[in-house]
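Asker: Submitted below is the structure of interest, expressed as structure tokens.
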Amino acid sequence: MAVRSNQSMPGSQYFVLKLVSDSELPEIKPGQFAEVYVEGADILLRRPISIHYVDRQNKELWLLVQKVGKGTRKMSELKEGDVVNVVFPLGNGFTIPEKQEKVLLVGGGVGIAPLLQLGLELKNAGAEVSYLLGAKTKSDLVELEVYSKYGEVFTSTEDGSLGEKGFVTQNSAFNGKSYDRIYTCGPTPMMKAVAKIAMEKGICCEVSLENKMACGLGACLCCVEDTKEGHKCVCSDGPVFNVKDLKW
Amino acid sequence: MVNLTVDLGKGLVLKNPVMTASGTFGYGLEYADFFDISRLGGIIVKGTTKLHREGNAYPRLAETPSGMINAVGLQNKGVDYFVKHIYPKIKDIATNMIVNVSGASVEDYVYTASQINALENIPAIELNISCPNVKQGGMTFGTDPNAAAEVVSAVRKAYDKHLMVKLTPNVTDIASIAKAVEAAGADSVSLINTLMGMAVNAKTRRPVLSTVTGGLSGPCVKPVALRMVWQVSNAVNIPVVGLGGISNAEDAVEFMIAGASAVEVGTANFIDPAVCPKIIDGIEEYMEKNGMSDTKSLTGALIL
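As they're listed, the protein sequences go chains V and W. Under our numbering, the first sequence has 114 at position 114, and the numbering climbs by one with no breaks. Under our numbering, the second sequence has 292 at position 44, and the numbering climbs by one with no breaks.
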């Protein structure tokens with residue numbers, strides 16, 4: 001795929017990489033991910049990155065990425081026209097309910113990435129979408145206006161620079177409304193805390209897990225999560241799991 | 249015309265020298281979206297044991313300079329599950345489907361091998377006496393010539409098709425192990441399995457892997473693997489299958505020049521899931537350019 005644009009988010013470690021395909025994009029479910037080969041980064045393995053948004057009309061795949069290590073830093077330097085080898089879509093996706101439901105999408109840090117496409121598809125399916133997005137500080141909460149196209153947006157920052165001060169789990173989004181379903185992606189402690197609230201309230205909850213991956217196809221068995229049915233691959237059995245199947 | 253066929257003996261004939269290494273290619277089907285997997289010379293499926301194994305806890309993966317360390321620990325559902333549920337799905341793939349067999353005792357190896365022996369479309373097993381990620385057995389058999397010979401001769405009695413034995417590099421003298429398994433009835437040897445390695449996180453002062461140590465693979469192990477293939481091919485008369493860091497056709501050709509009759513591609517499948525057909529084409533191209541009509545003229549072509 002060719003790089004259409006690569007935009008860094010001011011004041012944060014995030015960037016949005018837009019890749020364009022010369023052929024029609026395959027069916028992509030929200031929550032699926034891509035394995036990106038990063039050239040010249042002095043690393044061996046591909047980097048698994050969740051799919052942020054699918055612009056089918058322009059054959060574009062958008063990735064919201066956080067600069068963490070050598071691979072993602074090199075990825076942030078890609079220029080328009082550069083060619084990138086990407087394997088996608090991989091893994092399963094979030095469940096889109098058939099009946100109209102009230103849903104809450106909880107994202108922390110760069111974990112907000114897959115929730116954009118998810119919100120869009122949930123809204124199209126007739127769901128009433130609310131977002132709860134959290135980060136350390138204001139500059140890490142990017143593109144809020146885009147999320148607000150699909151639903152109400154609640155925010156939390158640890159330093160209180162935007163929205164409510166504290167963790168997402170302390171946000172008033174959990175107090176007023178009731179939800180039929182909660183989706184979450186972000187740091188594991190946050191997802192565990194969100195899952196705990198969901199389980200206490202008896203709400204169906206899906207989480208998108210992260211793990212170090214090699215093949216991305218369920219062949220090498222490196223990226224397992226311990227589930228009630230034994231070790232399962234985050235790449236091919238996940239990355240999205242229903243909390244009731246995990247040992248959380 | 250180049251003849252890419254490789255006859256490893258005892259009924260195991262490869263249409264070309266390229267096989268996929270156990271544990272890196274699942275059961276083959278995982279890669280069917282990327283290329284026609286029947287183009288391969290063989291597919292060596294995931295390590296199979298007598299009983300179901302959950303494998304090690306995670307983290308199981310550490311990336312290192314030009315390599316990776318894994319600590320999967322032979323996660324598999326056991327040979328009975330393989331025979332009943334997996335074999336029917338893979339038996340009609342038009343290449344050599346080879347089962348990697350592992351165990352914690354001689355009896356385990358014999359049980360698993362004899363179950364596989366009954367499967368018509370499995371022409372060979374690769375006996376794994378070299379897994380570094382299992383506390384009991386595995387590598388302990390592969391580090392001592394007597395223990396290696398004991399397990400190979402026991403399996404030999406229970407298994408009448410092609411018996412390939414996969415050797416560990418975690419020994420002082422790999423040639424002596426190779427000779428021992430040859431004398432015990434192996435039809436070929438494959439080498440190298442992973443090198444024992446370790447990764448430490450300086451920030452947390454903790455090991456990266458749940459098991460502390462694990463198996464190192466990837467381009468960084470290639471020089472060690474080449475050296476061992478050369479040593480072993482000089483020591484035995486059975487065919488040698490070379491592996492360890494092969495990422496492209498040139499790497500594969502180097503292993504064959506050093507004495508390998510065929511090769512296995514492992515870690516490179518993770519980086520490019522369609523690397524194998526490129527390697528097959530590249531070997532053919534190399535042979536054409538160098539006026540070699542048969543893979544036999546490439547094997548051991550090292551000029552000293």
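Even for Gly, the Cβ is constructed at its ideal location relative to N, Cα and C. Just so we're clear, the structure is a prediction, and the values are computed from it rather than from any experiment.
In angstroms with no decimal places, state the Cα-to-Cα distance between W:Ala497 and W:Arg475.
Answerer: About 18 Å.
Asker: Does the region 149-156 of chain V come close enough to the region 119-126 of chain V to have 3 or more Cβ pairs within less than 8 Å?
Answerer: Cβ pair count under 8 Å is three or more, so yes.
Asker: Per DSSP, what kind of secondary structure is W:Ile527 in: helix, strand or coil?
Answerer: Of the three classes helix, strand and coil, the one that applies to W:Ile527 here is helix, per DSSP.
Asker: Below 7 Å between beta carbons: does that hold for W:Val327 and W:Lys294?
Answerer: No.
Asker: Using the beta-carbon count (16 or more within 10 Å), is W:Thr420 buried or exposed?
Answerer: Exposed, by the Cβ-count rule.
Asker: Over the uninterrupted beta strand (DSSP E) stretch that includes W:Asn318, give me the two end residues.
Answerer: Where W:Asn318 is concerned, the enclosing beta strand (DSSP E) stretches over Gly315 to Asn318.
Asker: Could you check whether the Cβ of W:Tyr306 sits closer than 7 Å to any Cβ belonging to chain V?
Answerer: Yes, because at least one Cβ of chain V sits closer than 7 Å to the Cβ of W:Tyr306.
Asker: Which ranges would you report for the beta strand (DSSP E) in the region 408-493 of chain W if only whole runs of at least 3 residues count?
Answerer: Runs found: 410-414, 436-439, 443-446, 461-465 and 488-490.
Asker: Would you mind giving the Cβ-Cβ distance between W:Ile425 and W:Ala402, rounded to the nearest angstrom? I have them listed as a contact below 8 Å.
Answerer: Their Cβ separation, rounded to whole angstroms, is 16 Å, which puts W:Ile425 and W:Ala402 out of contact at 8 Å.
Asker: At a Cβ cut of 7 Å, what residues of the region 307-331 of chain W count as close to chain V, listed as they run along the chain?
Answerer: Going along the region 307-331 of chain W in chain order, one finds Pro307, Arg308, Leu309, Glu311, Ser314, Gly315, Met316, Asn318, Val320 and Gln323 with a Cβ nearer than 7 Å to chain V.
Asker: Mind pulling the chain V residues with CB within less than 9 Å of W:Thr272?
Answerer: What W:Thr272 touches in chain V: Ala214, Cys215, Ala219 and Cys220.
Asker: How many angstroms separate the CA atom of V:Cys220 from the CA atom of V:Glu35?
Answerer: One C-alpha to the other measures close to 15 Å.
Asker: Can you pull the DSSP bridge partners for V:Val168?
Answerer: According to DSSP, which records beta bridges pairwise, V:Val168 is partnered with nothing at all.
Asker: Does any C-beta atom of chain C lie closer than 7 Å to the C-beta of V:His231?
Answerer: The structure shown contains no chain C; its protein chains are V and W.
Asker: Can you name the residues of chain V whose CB is closer than 8 Å to the CB of W:Ile519?
Answerer: Correct list: Tyr37, Leu44, Leu45 and Arg46.
Asker: Quick one, are the C-beta atoms of V:Ala41 and V:Lys70 less than 7 Å apart?
Answerer: Closer than 7 Å, so yes.
Asker: Closer than 7 Å by beta-carbon distance: list the chain W residues that pair up with V:Val87, in chain order.
Answerer: Within 7 Å Cβ-Cβ: Pro521.
Asker: Quick check on DSSP: helix, strand or coil for W:Ala406?
Answerer: Three-state DSSP puts W:Ala406 in a helix.
Asker: Starting from the Cα of W:Met316, find the closest Cα among W:Thr272, W:Ile285, W:Ala483 and W:Asp281 and give me that residue.
Answerer: Checking every option, the nearest Cα to that of W:Met316 belongs to W:Thr272.
Asker: Please go through the same chain and pick out, in chain order, the residues whose beta-carbon is closer than 6 Å to the beta-carbon of V:Val83, but skip the five residues on each side of it.
Answerer: Same-chain partners within the cutoff: Ala2.
Asker: Spatial neighbours of W:Val429 within its chain, please: CB distance less than 7 Å, with the 5 preceding and 5 following residues excluded, ordered by chain position.
Answerer: Correct list, in chain order: Ala396, Ala397, Val400, Val413 and Val437.
Asker: Does the pairing of the region 267-285 of chain W with the region 517-535 of chain W give three or more beta-carbon distances under 8 Å?
Answerer: Flag = yes, the region 267-285 of chain W and the region 517-535 of chain W touch.
Asker: Let's test the definition: count the other Cβ atoms within 10 Å of the Cβ of W:Val513 and tell me whether it reaches 16, buried, or not, exposed.
Answerer: So W:Val513 ends up on the buried side.
Asker: Do you know how far the Cα of W:Ala372 is from the Cα of W:Ile364?
Answerer: Each residue's Cα considered, the two are about 9 Å apart.
Asker: Would you mind telling me which residues of chain V sit closer than 8 Å to W:Tyr279, beta carbon to beta carbon, in chain order?
Answerer: The contacting residues are Leu217 and Ala219.
Asker: Excluding sequence positions up to five away, which residues of its chain have a Cβ less than 7 Å from the Cβ of V:Gln117?
Answerer: Correct list, in chain order: Pro30, Ile51, His52, Tyr53 and Val54.
Asker: Can you give the beta carbon distance from V:Gly108 to V:Pro48, rounded, assuming they're within the 8 Å contact cut?
Answerer: Not quite, the Cβ-Cβ distance comes to about 18 Å (not below 8 Å), so this is no contact.
Asker: Would you mind sorting V:Arg181 into buried or exposed? The rule is 16 or more other CB atoms within 10 Å of its CB.
Answerer: With 16 or more other Cβ atoms within 10 Å, it is buried.
Asker: Near V:Trp248, what residues of its chain come up, given a Cβ to Cβ distance below 7 Å and the 5 sequence neighbours on each side ignored?
Answerer: Excluding residues within five positions, the ones whose Cβ falls inside 7 Å are Lys192 and Ala195.
Asker: Tell me which residue opens and which closes the beta strand (DSSP E) that V:Tyr183 is part of.
Answerer: From DSSP, the beta strand (DSSP E) with V:Tyr183 extends over Arg181 to Cys185.
Asker: Take V:Gly134 and list the residues in its own chain whose beta-carbon comes closer than 6 Å to its own, dropping the five residues that flank it on each side.
Answerer: Correct list, in chain order: Gly108, Ser156 and Val168.
Asker: Using only CA atoms, which one of V:Lys244, V:Val20, V:Ser76 and V:Arg56 lies nearest to V:Gln7?
Answerer: Measuring from the Cα of V:Gln7, the nearest candidate turns out to be V:Ser76.
Asker: Please decide whether V:Val68 counts as near chain W, where near means a Cβ-Cβ distance under 7 Å.
Answerer: Chain W, which has no Cβ nearer than 7 Å to the Cβ of V:Val68, makes this no.
Asker: Just grab the DSSP bridge partners of W:Thr388 for me.
Answerer: Paired residue(s): none; W:Thr388 is not in a bridge.
Asker: Between W:Gly289 and W:Val254, how many whole angstroms is the CB-CB distance? I'm expecting something under 8 Å.
Answerer: Confirmed, Cβ separation roughly 7 Å.
Asker: Under 7 Å, CB to CB, which of the residues in the region 463-487 of chain W have a partner in chain V?
Answerer: Taking 7 Å as the Cβ-Cβ cut-off against chain V, the residues of the region 463-487 of chain W that qualify are Gly466.
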